[in-house]
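Everything on this sheet refers to the single structure shown next.
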Amino acid sequence: MEIGTQKVKSLFMLDANITYLNHGSFGACPKPIFNSLIKWQKELEKEPVKYLAHDIAENLSNSRFSLSKYINCNKDDLVFFPNPSTALNTVLRSLDLKHGDEILTTNHEYGAMDRAWRFLCKKTGAKYINQKISLPLEDKEFFIKEFKKGITDKTKIIFLSHITSPTALIFPVKEICNIAREKGIITIIDGAHAPGQIDLDIEDINPDFYSGACHKWMCSPKGVAFLYAKKEIQYIIEPLVISWGYESEKPGHSQFLDYLQWQGTNDISSYLTIPDVIRFLEEYSWTDFSVKCSDLNLWAHQKVLESFNIEPLSSNQFLAQMNSFYFNYEDSINCQLEFYKKYKIQIPFFSWNNKQLIRISVQAYNNKNDILYLIDSLKDFNQ
Ligand SMILES: Cc1ncc(COP(=O)(O)O)c(C=O)c1O
-1 MEIGTQKVKS LFMLDANITY LNHGSFGACP KPIFNSLIKW QKELEKEPVK YLAHDIAENL
59 SNSRFSLSKY INCNKDDLVF FPNPSTALNT VLRSLDLKHG DEILTTNHEY GAMDRAWRFL
119 CKKTGAKYIN QKISLPLEDK EFFIKEFKKG ITDKTKIIFL SHITSPTALI FPVKEICNIA
179 REKGIITIID GAHAPGQIDL DIEDINPDFY SGACHKWMCS PKGVAFLYAK KEIQYIIEPL
239 VISWGYESEK PGHSQFLDYL QWQGTNDISS YLTIPDVIRF LEEYSWTDFS VKCSDLNLWA
299 HQKVLESFNI EPLSSNQFLA QMNSFYFNYE DSINCQLEFY KKYKIQIPFF SWNNKQLIRI
359 SVQAYNNKND ILYLIDSLKD FNQ
């Protein structure tokens, strides 16, 4: 279905008084998808036992099937989680790390995940190594060369964002997974920002583990994320929460699913919206919007760099629907709030490696005027 920016904006429930340039943090859910959530919640409340006991396996299997087609993997190698943190913590806490083992990552990772790894390293004596990726990032080969410098014979795990949170860069995860496989290193990819923002093909990337969020760029209701685990390595996974699937009275065909699919009573309605989410994305030709948004993002990036005479973090090939830029301010949390209150613009300010960044997200409801208003407001804020 072909629709314009104004019409597409009316599909979302965002406050019209706010210029919303922060889709990347928690996404935003269009009305037809939100209605699907309400539909499932009503069904569930009509017959809680039917939905949470009798039909759950089949309903979740249908949702996993839809998602598996969208991201190209087997539906039984996928399981839903409320967010990437829980999915990735499940993997982290299943690893048999020994004193001196190394986990190689970059200095662009998401703060909550850095914390999870540091926690685990404190317990095990393993080392978390944030390999520096110098900026500006000009080409893939440069990234690969810099990253590879961190690989040693103690490297047991490579952990990498597919699209980074503070710096908004697409990392060459497929190439890194190839290198890791040759060396027998386990790969864990944090793809929180990938599904719906870029074409995601799990089989092509071929990681051991991959987690993504559906509530960001696929626009699902909040609380839908997934963990993919390659079949051959699923046996190492232990549930974070031990429940009925452990020592199951009625084991299914997959221990991975038995262990992870039921972790206590929960409202699973948001997981069940996934077939409707994907129908929505197809019906509205969302990939066309993604292309338009990526073009607008590059335009926005260039405009910001020129307006404030700043250096880019990377060349354009590393960007999709987000870009981060250097901007001087004192305290990220206070400044973000102050800026929001004064100009009614929702946009994140990050302190990252002793530098200050601002990150623009471009979704189908944004246009050039949002960017021009942002630039004028930042000029005024900076005076
Ligand atoms: C790169 C990355 N990883 C993981 C997450 C995890 O998010 P959550 O706190 O929803 O689990 C995010 C959230 O923005 C992220 O940007």
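No gaps in the numbering here: position 222 of the sequence shown is 220 in my numbering, and each next residue is one more.
Glycine included, each C-beta is placed from N, C-alpha and C at the ideal position.
Note that the structure is predicted; figures quoted are calculated from it, not measured.
If you check the CB distance, residue 7 and residue 341 do not come in under 8 Å.
For residue 183, there is no enclosing beta strand (DSSP E), since its DSSP letter is neither H nor E.
With contacts defined by Cβ atoms closer than 8 Å, residue 301 and residue 345 do not form a contacting pair. Bounds of any alpha helix (DSSP H) do not take in residue 321; it lies within the beta strand (DSSP E) bounded by 320 to 324. By the neighbour-count criterion, in which 16 or more other beta carbons inside 10 Å mark a residue as buried, residue 316 falls on the buried side. Around the beta carbon of residue 145, 16 or more other beta carbons sit within 10 angstroms, so the residue counts as buried.
Put simply, of 55, 336, 19 the residue whose alpha carbon is nearest the alpha carbon of residue 250 is 55. In this structure residue 263 is exposed. Its beta-carbon is surrounded by fewer than 16 other beta-carbon atoms within 10 angstroms. Inclusion of residue 319 and residue 295 in the CB contact set at 8 Å is warranted, their separation being smaller than that value. Straight-line spacing of the CA atoms in residue 260 and residue 59 works out to 13 Å.
Counting only residues whose CB is nearer than 5 Å to a non-hydrogen atom of ligand 1, the list in chain order is 81, 82, 83, 108, 159, 163, 188, 190. Assignment of residue 91 by DSSP, reduced to helix, strand and coil, places it in the coil class. The beta carbons of residue 184 and residue 154 sit closer together than 8 Å.
Residue 128 is bridged by DSSP to 103.
Look at the beta carbons and you see the region 204 to 216 touching the region 20 to 27: at least three pairs across the two are nearer than 8 Å. The beta carbons of residue 156 and residue 102 sit closer together than 8 Å. Short of 6 Å from the beta carbon of residue 70, and not among the five residues preceding or following it, lie these beta carbons of its own chain, in chain order: 199, 200, 201. DSSP places residue 76 inside the beta strand (DSSP E), whose first and last residues are 76 to 79.
Going by beta carbons, residue 112 and residue 227 fall outside the 8 Å limit. Across the set 5, 2, 27, 253, the C-alpha of 27 shows the shortest separation from the C-alpha of residue 12.
With fewer than 16 neighbouring CB atoms inside 10 Å of its own CB, residue 151 falls in the exposed class.
In the three-state scheme derived from DSSP, where H, G and I count as helix and E and B as strand, residue 165 is classed as coil.
Within the same chain, and ignoring the five residues on either side of residue 64 in sequence, the residues whose Cβ sits closer than 7 Å to its Cβ are 272, 273, 276. Residue 268 places its beta carbon less than 8 Å from that of residue 218.
The straight-line gap separating the alpha-carbon atoms of residue 361 and residue 193 is approximately 14 Å. Taking all protein chains in view, the Cβ of residue 297 is surrounded by fewer than 16 other Cβ atoms within 10 Å, so the residue is classified as exposed. Looking at the DSSP output, residue 359 bridges to 320. Under the three-state reduction of DSSP, residue 271 is assigned to coil, being neither helix nor strand.
Under the three-state reduction of DSSP, residue 296 is assigned to helix. Annotation for residue 161: 168, 191, 192 place their beta carbon closer than 6 Å to its own, counting only its chain and skipping 5 residues before and after. In the structure shown, residue 14 adopts coil according to DSSP, grouped into three states. The criterion of a C-beta distance shorter than 8 Å is not satisfied by residue 124 and residue 83. Contact annotation: residue 31 and residue 278 have beta-carbon atoms nearer than 8 Å.
Between residue 158 and residue 188, the C-beta spacing is below 8 Å. The distance from the Cβ of residue 224 to that of residue 79 is about 7 Å, consistent with a contact at the 8 Å cut-off.
Our two residues, residue 266 and residue 134, have alpha carbons roughly 42 Å apart in a direct line.
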